[in-house]
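Data first, discussion second: the structure below is written as structure tokens.
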Amino acid sequence: MVSDLIQQFRDDSDNYDQTVISLISFAHLLRYDNTNGKLKKDSFFFIGRKMDTSDKNRIRPNSFVTPDIVLQDNSQYGIIGEVKKSLPQEKEFWKKTIKQLHKYDDNLIGWKTSDEKINKCDLIFLTDYLLKSQVLEYLSEKKRIGEFSTTNKFSLISFAKLSGSEEKFTFERVCGNFSDERLNNLLKKGSPMPMPLEKVMQYNTNGAIKFYDSKPPLPYLMNILWQFVFPSIRPINQYVDEKGKKQFETNINFLTQELHDKFTHTDDHDSRQPKIPETAWVREAMEEFVRLGYAENKPNEKNSYIVKIRTIKDPFEKFCKEIVKGRSKKRGYVQATIDAFNDKGN
Amino acid sequence: MVAYKSKIKLEDLIQQFYSESNEYSKIFKNLDVLLNLNKGVKINGLILTSKEDIINVLKNWHFKEFDLSNKQLGKDIFHFTLTRKHKEEKLILRGEFLLFKYSPQNNIYVVVTHENFRFFNNALVRYFNLFYPLISRPFIDTAYMKVLLETYESNLKFEKIRVSRCVTKNWIRNINAKKKVGSDIQYTDLPFREVFDKVSENEEWIKSIDFNLVAETSKDIAMDNHVFHQKVYKLFRDTRFQCSFNFTLFYQRMIEGIANKAAESFELFDNRSRIQEENFAVKPLAIIYDVGIFKDKKQNIRLIEALKSLKNSSISVIHANPYLHVSYLDYRDGSSCDIWVLSENKISIIPQIRSTPAALERLCECIFTGFREGIIKDFKGE
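So the sequences go chain by chain: A and B.
Take 1 as the starting number for the first sequence in my numbering and just add one per residue.
Take 1001 as the starting number for the second sequence in my numbering and just add one per residue.
Pasting the structure below:
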């Protein structure tokens, strides 16, 4: 039982990591100009972006939405979409995704143009290759009974990880058309388009993106803090002259900012970009460090911590195990299972 | 009486070396004279890298077990006396050494001493290791050792290089084997090319090599008639060296080669921290192999095991098969990186917020010795 939950954390973290890679790869595929070997000059890409809805929006008029992916091909044309690498087994929960797509089916405001509007906008739903048939069937049925319809053009895109002499993500247009012929030719129906991951690494200077607009699994976030953020807080000189003082002070605001600056997609950001990661996610991770004995709350200073560094050979594995064991001990297996399920759902 | 005189002379020459080597030419001349005396003196040395001025670093840090005093002899040339006192081990080691900057490269320093191997290893090397990552030690791989020997021999008129002792390690391919790296010591008398060919054939790497120069009086004379100098040189993978004859030649043909390689590596590994880049952009490195080693996905596990074997470090495995993604942290200085295997012949290293040249050197050496030697390159422009 405990080992199942540990495996669940591993799978969820791997899924999260792959979702991030798929988002970057997809954007790269669409924005990359093969003729000059660079990203298209007038294109923009955002992971999560606050877009204003019109008074005609059928779900949330005169408000705002935050799509997972906002891809502006040029000043006239853009794509908005939702990304789900996994979906709940119970199809009743899939309605939420349809509702989100309906929310985005609007003349949204918030594009990188002079009046923040765009002439043409398409919708996409990006999901794992293994789910494509089920999703296609589901959407077709909903369309048939009138529960799913869009004014803007809609495409279902699947992505798959492909191994061979080099690792790739492949993207396939499962159904629907783009308004732009270049994209229709690029992503032909039934003809998966490969995107070698090394190419993405090579050309994307932000190759260190680790978060998107969705809460990461707890050990995933803790691992990034432990492996990348905490070590850089102590000055190098302290490492030479350690004498056992392997601890330092830090606080939630600083850590959140560090994660945002170093591990999220920040190109062309403005006030419409949501703050990723959310402070609450980081607080939860820090409180878990406290619970597991890797940190202490600083007395009389809210949001401040004293982190105690020790050598752990495989921090991610250790955090997975300790979180699960701690939860199981405290609340029993049933509650832990529910937590794991909820974490996955988030 | 004769013996007494020569003893006095040796001490005088040692004294002369540590007090009068105020120019580079004098360092080499004094060492040549010292070695020519034929009194069993061996010069031990090593190469160091330091981004900051090494003298300032040495002055600013004090370690409990060690006492250091220094005197500047000339521009970028310093004489040191080092004492290591270890109460529990009742150990006192005291010795002298010379440290000079390798010109014209920045960041590279050469240390030489006439002291014995015990002082050299247990006091001097140990002392400099304490300064990691401010001062670090470069490494040379097997392929480059061969290049050095080729260069050395190509400049010899009447002599050939023969290997007398070679310490090799081999990568054990069986992922279930308890030991991941095997070891072998060969006492031999073979031309160096034969030794390196065998090492390459057996997929081994060289930890250290002892070699000497064999004089060929005539091409027609059989090998048995060759005159052996009996002067042994020793070269270690971690750029320690030992020389017992003709230091000037050894310096020009070997040490300069090592120092140039160390400078090249330092430049490649330096300035990779994301913190110092605009928009915190990453500056990836890649280790390239001439064979598609990762075609066999079990090699991912071997690489993980190699990384796990590195002391004072951690790795978190995010994904192991079919592609590999791990995060790596060096607890010795807080450097970290992502490591990816996304193709059959390449390991991609993506340095993170902090990344020092010392940590990258240590990581690459761990991959070279624990997994396989390859070619390290900047990832851009592949």
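Virtual Cβ for every residue (Gly too), placed ideally from N, Cα, C.
The structure displayed is predicted, hence computed values, not measured ones.
Give the straight-line distance between the Cα atoms of residue i and residue j, rounded to the nearest whole angstrom.
i          : j          : result
Ser-1200/B : Ile-6/A    : 43 Å
Ser-1103/B : Leu-162/A  : 50 Å
Asn-36/A   : Leu-71/A   : 20 Å
Val-1214/B : Gly-1095/B : 33 Å
Glu-141/A  : Asn-1312/B : 57 Å
Phe-1119/B : Lys-275/A  : 57 Å
Lys-85/A   : Tyr-305/A  : 35 Å
Val-1227/B : Arg-1193/B : Reliability fails at Val-1227/B, whose pLDDT of 42 lies under 50, so the model's placement of it is uncertain and the value that follows must be treated cautiously. One C-alpha to the other measures close to 20 Å.
Phe-1196/B : Lys-1146/B : 7 Å
Leu-1013/B : Ser-1025/B : 16 Å
Arg-1237/B : Phe-1269/B : 18 Å
Val-1326/B : Lys-1231/B : 47 Å
Asn-1225/B : Val-1041/B : Model confidence at Asn-1225/B stands at a pLDDT of 40, short of 50, so the residue's coordinates are unreliable and nothing is read from them.
Thr-1369/B : Val-1341/B : 18 Å
Asp-267/A  : Phe-44/A   : 8 Å
Gln-1186/B : Asp-1210/B : 10 Å
Phe-46/A   : Thr-279/A  : 20 Å
Arg-291/A  : Ile-224/A  : 18 Å
Lys-38/A   : Tyr-138/A  : 38 Å
Thr-66/A   : Ile-1315/B : 35 Å
Tyr-129/A  : Thr-113/A  : 34 Å
Ala-348/A  : His-1319/B : Because chain A here runs from 1 to 346, residue 348/A falls outside it and cannot be looked at.
Arg-1362/B : Lys-298/A  : 35 Å
Gln-1016/B : Asn-1044/B : 17 Å
Phe-230/A  : Asp-1067/B : 33 Å
Lys-1179/B : Glu-1365/B : 18 Å
Val-2/A    : Ala-1177/B : 29 Å
Lys-1283/B : Arg-1354/B : 12 Å
Phe-1371/B : Tyr-1018/B : 42 Å
For the putative contact between residue i and residue j, defined by C-beta atoms under 8 Å, what is the C-beta separation to the nearest angstrom?
i          : j          : result
Asp-4/A    : Pro-217/A  : Incorrect: roughly 15 Å between the Cβ atoms, too far for contact.
Phe-263/A  : Lys-210/A  : 4 Å
Asp-153/A  : Ser-179/A  : The amino acid at residue 153/A is misidentified as Asp; the sequence shows Lys. Contact flag correct, Cβ pair sits at about 5 Å.
Glu-1344/B : Ser-165/A  : 5 Å
Pro-1133/B : Asp-1333/B : 4 Å
Thr-1188/B : Ser-1208/B : Rounded, the Cβ-Cβ distance is 13 Å, inconsistent with contact.
Based on the DSSP output, what are the partners of residue i in its beta bridges?
i          : result
Ala-160/A  : Thr-170/A
Ala-951/B  : Residue 951/B is absent from the model: chain B starts at 1001 and stops at 1382.
Arg-1165/B : Tyr-1187/B and Asp-1210/B
Ile-69/A   : Ile-47/A and Gly-81/A
Gly-1045/B : Val-1112/B and Phe-1241/B
Glu-301/A  : BP columns for Glu-301/A are empty, so no partner.
Met-195/A  : Phe-169/A
Asn-1070/B : Phe-1080/B
Leu-1324/B : Val-1341/B
Among the options, which has the Cα closest to the Cα of residue i?
i          : options                                           : result
Phe-125/A  : Glu-116/A, Arg-173/A, Glu-90/A and Phe-169/A      : Arg-173/A
His-265/A  : Phe-64/A, Leu-136/A, Ile-69/A and Gly-176/A       : Ile-69/A
Asp-241/A  : Gln-1015/B, Trp-1061/B and Asn-1246/B             : Trp-1061/B
Leu-1156/B : Phe-1080/B, Leu-1249/B, Asn-1116/B and Asp-1076/B : Leu-1249/B
Asn-1070/B : Leu-1058/B, Ile-1140/B and Phe-1139/B             : Leu-1058/B
Arg-310/A  : His-1319/B, Leu-1329/B and Arg-1354/B             : Leu-1329/B
Glu-116/A  : Phe-45/A, Asn-300/A, Met-51/A and Ser-214/A       : Met-51/A
Asp-261/A  : Asn-1321/B, Phe-1280/B and Glu-1264/B             : Phe-1280/B
Asn-1260/B : Ser-1025/B, Ile-1027/B, Thr-1049/B and Gln-1016/B : Thr-1049/B
Trp-94/A   : Arg-49/A, Phe-45/A, Phe-169/A and Leu-136/A       : Leu-136/A
Thr-1356/B : Ser-1335/B, Ile-1367/B, Phe-1368/B and Ile-1375/B : Ser-1335/B
Glu-301/A  : Leu-292/A, Asn-251/A, Tyr-294/A and Leu-101/A     : Asn-251/A
Val-1167/B : His-1086/B, Tyr-1152/B and Ile-1206/B             : Ile-1206/B
Lys-1295/B : Pro-1322/B, Ile-1375/B and Glu-1020/B             : Pro-1322/B
Phe-1266/B : Ile-1376/B, Ile-1293/B and Lys-1039/B             : Ile-1376/B
Gln-100/A  : Leu-108/A, Gly-81/A and Thr-256/A                 : Gly-81/A
Lys-318/A  : Cys-175/A, Gly-176/A and Gly-293/A                : Gly-293/A
Asn-1202/B : Asn-1212/B, Lys-1169/B and Tyr-1233/B             : Lys-1169/B
Ile-1367/B : Asn-1300/B, Lys-1029/B and Ser-1021/B             : Asn-1300/B
Beta carbon of residue i: closer than 7 Å to some heavy atom of the ligand FAD?
i         : result
Pro-216/A : Absent from the structure shown: the ligand FAD. Ligands present: none.
Could you tell me whether the Cβ of residue i comes closer than 8 Å to any Cβ of chain D?
i        : result
Asp-42/A : The question asks about chain D, but that chain is absent: this structure's protein chains are A and B.
Item to complete: Spell out a yes or no on whether the segment 316–325 of chain A and the segment 233–252 of chain A are touching, meaning 3 or more CB-CB pairs, one atom from each, closer than 8 Å.
Response: They do not touch, by the three-pair rule.
- Item | Stretch-stretch touch, CB-based, cutoff 8 Å, three pairs: the segment 1345–1359 of chain B with the segment 1286–1295 of chain B | The way I'd put it, the segment 1345–1359 of chain B does touch the segment 1286–1295 of chain B; three or more beta-carbon pairs between them come closer than 8 Å.
Point to revise | Cβ pair count under 8 Å reaching 3, the segment 118–134 of chain A against the segment 48–63 of chain A | key: In short, these stretches do not touch, since the Cβ pair count stays below three.
- Query: Given 8 Å as the limit, is there contact between the segment 1033–1043 of chain B and the segment 1105–1117 of chain B, that is, 3 or more CB pairs closer than that?
  - Reply: The segment 1033–1043 of chain B is in contact with the segment 1105–1117 of chain B.
| Taking contact to mean at least 3 C-beta pairs separated by less than 8 Å, is the segment 191–199 of chain A in contact with the segment 268–282 of chain A? | Taking 8 Å as the limit for Cβ pairs, the verdict is that the segment 268–282 of chain A does not touch the segment 191–199 of chain A.
Problem set entry | Inter-stretch contact at 8 Å, needing at least 3 Cβ pairs: the segment 1301–1316 of chain B / the segment 281–289 of chain A | With a cut-off of 8 Å, the segment 281–289 of chain A and the segment 1301–1316 of chain B do not count as touching, because too few Cβ pairs lie within range.
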